[in-house]
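J.:
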Amino acid sequence: MRGRSGNCPAAPSAHRKGFAMEQTLFVRDVIAGLKLDILAGAQGILRPVTNPNLSKPGLELAGLFDFYESDRIQILGSKEGTFFHWLNENDQLIRTRMLFEKEPPAFVFSKNVVVPDLFLQFGDAFGIPVLKSAYKTSSLYSELFTFLQAALAERQTIHGVLLDINGVGVVISGESGVGKSEVALELVRRGYMLVADDIVEVYQKEKGVVIGSSPDLLKKYLEIRGIGIVNVVNLFGVRAYRENKRISMFVNLVKWDAFTDFDRLGLKEDARFVFDTPITSVSIPITEARNTATLVEAAAYDFKAKQLGYHSAKQFDADLNAKILENAKKREE
Numbered sequence: 026m027r028g029r030s031g032n033c034p035a036a037p038s039a040h041r042k043g044f045a046m047e048q049t050l051f052v053r054d055v056i057a058g059l060k061l062d063i064l065a066g067a068q069g070i071l072r073p074v075t076n077p078n079l080s081k082p083g084l085e086l087a088g089l090f091d092f093y094e095s096d097r098i099q100i101l102g103s104k105e106g107t108f109f110h111w112l113n114e115n116d117q118l119i120r121t122r123m124l125f126e127k128e129p130p131a132f133v134f135s136k137n138v139v140v141p142d143l144f145l146q147f148g149d150a151f152g153i154p155v156l157k158s159a160y161k162t163s164s165l166y167s168e169l170f171t172f173l174q175a176a177l178a179e180r181q182t183i184h185g186v187l188l189d190i191n192g193v194g195v196v197i198s199g200e201s202g203v204g205k206s207e208v209a210l211e212l213v214r215r216g217y218m219l220v221a222d223d224i225v226e227v228y229q230k231e232k233g234v235v236i237g238s239s240p241d242l243l244k245k246y247l248e249i250r251g252i253g254i255v256n257v258v259n260l261f262g263v264r265a266y267r268e269n270k271r272i273s274m275f276v277n278l279v280k281w282d283a284f285t286d287f288d289r290l291g292l293k294e295d296a297r298f299v300f301d302t303p304i305t306s307v308s309i310p311i312t313e314a315r316n317t318a319t320l321v322e323a324a325a326y327d328f329k330a331k332q333l334g335y336h337s338a339k340q341f342d343a344d345l346n347a348k349i350l351e352n353a354k355k356r357e358e
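Under the working numbering, think of the first position of the sequence shown as 26, with each following residue one higher.
1) Counting along the chain, where does the alpha helix (DSSP H) carrying ALA209 start and finish?
2) In terms of residues, what are the limits of the alpha helix (DSSP H) holding GLU105?
3) Check for me: the beta strand (DSSP E) holding ASN256 runs from which residue to which?
4) Start and end of the alpha helix (DSSP H) containing ILE70?
5) Got a sec? Which residues, its chain only, sit under 6 Å from CYS33 by beta carbon, not counting five neighbours each side?
6) Got a sec? Which residues, its chain only, sit under 7 Å from LEU145 by beta carbon, not counting five neighbours each side?
7) How long is the line joining the alpha carbons of PHE284 and SER80, rounded to whole angstroms?
8) Are the CB atoms of GLU248 and ASP223 within a distance shorter than 9 Å?
9) What does the alpha-carbon distance come out to for the pair GLY204 and THR319?
10) With a threshold of 16 other CB atoms inside 10 Å of the CB of LYS355, please say whether the residue is buried or exposed.
11) Whole angstroms is fine: what's the gap from ASN346's alpha carbon to ALA353's?
12) Based on DSSP bridge pairs, tell me the residues matched to TYR166.
13) I want to check one thing, is the minimum distance from the CB of LEU64 to the heavy atoms of the ligand FMN below 8 Å?
14) Are three or more beta carbon pairs between the region 69-89 and the region 213-220 nearer than 8 Å?
15) At the level of alpha carbons, what is the spacing between LEU242 and LYS104?
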């Protein structure tokens with residue numbers, strides 16, 4: 026996990042923008058992700074998938090290939106299957122061959138669609154996987170598009186700990202050694218869920234929605250100084266961990282400095298950008314006497330209250346100004 030000695034590189038600063046990672050996706054990943062059955066063309070499971078969009082080759086089955094988007098996975102549902110069987114044998118042969126000659130990544134048939142023998146034959150001949158799903162067409166399209174969009178999205182890494190605190194995705198950030206993982210351990214003990222420790226992989230699902238998760242090797246693990254690496258599921262049960270979470274806020278732990286001016290009321294609202302999405306960011310000064318886990322918990326609950334329309338600091342400020350105005354009027358009288 027964190028590099029501490031030897032030639033291991035130090036983790037990136039909590040304030041440094043995460044580095045981007047290129048995504049490589051193969052048909053075999055799609056098969057595993059959607060639990061698809063391989064009917065033919067198994068030798069092509071290492072074909073790359075580069076486009077998250079999908080195509081339904083209805084026009085192509087009708088003989089129009091001018092707009093064939095062969096860089097996409099091809100979805101065939103009940104409409105395409107029915108139309109195919111209406112074609113005469115010669116058209117079936119010619120158009121199926123043309124579909125395969127453009128070498129799309131794969132063909133996926135939805136539930137209850139009878140897969141034509143020609144697709145199985147050409148799948149093996151061209152080495153292009155012909156797959157079968159347990160989903161009906163509309164669900165297959167939706168599930169597959171969502172999977173590809175997430176799998177192919179540009180990713181960055183963030184240094185910090187991501188937790189789900191009562192439905193709020195919170196990244197605890199701060200300098201190395203400030204106690205982020207120890208705070209996370211206490212929050213997990215209280216019943217909240219760990220998503221990622223030390224390295225948070227993030228991608229933008231859509232503008233305004235950033236999802237964070239853990240690298241495969243680090244899933245479920247926390248590193249606690251003096252104890253070592255612990256598996257939160259073994260310690261606290263399956264409720265202690267979740268695979269991913271939308272990031273709603275950053276809580277930056279800062280060592281107390283008497284010369285640093287912190288916002289005492291909470292009226293100032295800062296944001297940190299991940300990709301082009303602004304995410305709420307608060308800084309909490311910490312000392313040995315402060316219960317940091319409770320402060321992070323309170324920050325998450327306060328954020329949720331604001332989302333519901335209740336802003337404690339603004340309400341206090343309004344009440345204070347009203348009281349000042351009331352006293353001023355009394356003095357004038």
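Even for Gly, the Cβ is constructed at its ideal location relative to N, Cα and C.
T.: Once the coordinates are examined:
1) Walking along the sequence shown from the start, residue 209 turns up at place 184. Per DSSP, ALA209 belongs to the alpha helix (DSSP H) from 205-214.
2) Walking along the sequence shown from the start, residue 105 turns up at place 80. 103-111 is the span of the alpha helix (DSSP H), which, as asked, contains GLU105.
3) Locating residue 256 in the sequence shown gives position 231, counting from the first residue. It spans 253-256 - the beta strand (DSSP E) in which ASN256 sits, taken as one unbroken run.
4) Your numbering for residue 70 matches position 45 in the sequence shown. Counting along the chain, no alpha helix (DSSP H) covers ILE70, and no H or E run does either.
5) By 1-based counting over the sequence shown, the position of residue 33 is 8. Reliability fails at CYS33, whose pLDDT of 36 lies under 50, so the model's placement of it is uncertain and the value that follows must be treated cautiously. Around CYS33: no qualifying Cβ.
6) The residue you call residue 145 lines up with position 120 of the sequence shown. Closer than 7 Å at the Cβ level, and outside the excluded window around LEU145, lie LEU64, ALA65, VAL155.
7) Residue 284 sits at position 259 when you count from the first residue of the sequence shown. Residue 80 sits at position 55 when you count from the first residue of the sequence shown. Reliability of the predicted coordinates at PHE284 is poor, the pLDDT of 49 falling under 50, and the value obtained from them is presented with this limitation in mind. So the alpha carbons of these two residues sit roughly 60 Å apart.
8) As a first step, residue 223 must be located in the sequence shown, where it is residue number 198. As a first step, residue 248 must be located in the sequence shown, where it is residue number 223. Cβ distance < 9 Å, so ASP223 and GLU248 count as in contact.
9) Indexing the sequence shown from 1 puts residue 204 at position 179. Indexing the sequence shown from 1 puts residue 319 at position 294. Each residue's Cα considered, the two are about 14 Å apart.
10) Translated into positions along the sequence shown, residue 355 becomes position 330. It is exposed - the Cβ of LYS355 has fewer than 16 other Cβ atoms within 10 Å.
11) Sequence index remark: in the sequence shown, residue 346 carries index 321 (1-based). Sequence index remark: in the sequence shown, residue 353 carries index 328 (1-based). Using only the alpha carbons, I get a separation of about 10 Å.
12) Taking the sequence shown and counting its residues from 1, the one referred to as residue 166 is at position 141. According to DSSP, which records beta bridges pairwise, TYR166 is partnered with nothing at all.
13) Looking at this structure, you won't find the ligand FMN or any other ligand, since it has none at all.
14) no
15) Against the sequence shown, residue 242 aligns to sequence position 217. Against the sequence shown, residue 104 aligns to sequence position 79. So the alpha carbons of these two residues sit roughly 43 Å apart.
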